[in-house]
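Numbering (UniProt numbering), first residue to last: 1 to 128. Everything on this sheet refers to the single structure shown next.
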Amino acid sequence: MKVIPSLGPLEYFLCTPSNHRVHHGRNPYCIDRNYGAVFIIWDRLFGTYASEREGEKIAYGLVKPVATFDQLWCQFFEFKALVYDRAQMKDEMGREVFPGFWNKVVLSYTMIPKFAGYEYFISNQSLF
């Protein structure tokens, strides 16, 4: 339901109801868009911004239905899919990219992967 219309110039830098509707939409153009909580400028900078399209009604909800009403499972079911995806990944030689159960679980939730043959990149350069 669209109670609050577009807020004009505020749409360029603040996360408005219009931007938030796109964030929760499951229309193809809404998927993985508008992550900003307060300032939408970050989405514009990183290419994840999408504006609400006039005349196209947004369908809200999940792309893949969850066959349960368990709220805890609804919050965490996607993490199971992440671990499963890691288990299926192979390199060009057919070897597992993430060998062992621990790597499959931990690397699904870390920003910098560390697994067989790879090390963290640590710079000696000062930030300031």
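Every residue, glycine too, gets a C-beta built ideally from N, C-alpha and C.
Between which two residues does the alpha helix (DSSP H) carrying residue i extend?
i: K80; result: Q71 to Q88
i: R44; result: I41 to F46
Could you give the C-beta distance for residue i and residue j, rounded to a whole number, given that I count them as a contact under 8 Å?
i: K90; j: V97; result: 6 Å
i: I40; j: F69; result: About 33 Å separates the two Cβ atoms, so there is no contact after all.
DSSP on residue i, reduced to helix/strand/coil?
i: P17; result: helix
i: E92; result: coil
i: Y60; result: strand
i: G8; result: helix
i: F101; result: helix
Determine, for residue i, whether the minimum Cβ-Cβ distance to residues of chain C falls below 7 Å.
i: F77; result: No chain C appears in this structure, which consists of one protein chain only.
Opposite residue i in the DSSP bridges: which residues?
i: G25; result: Y60
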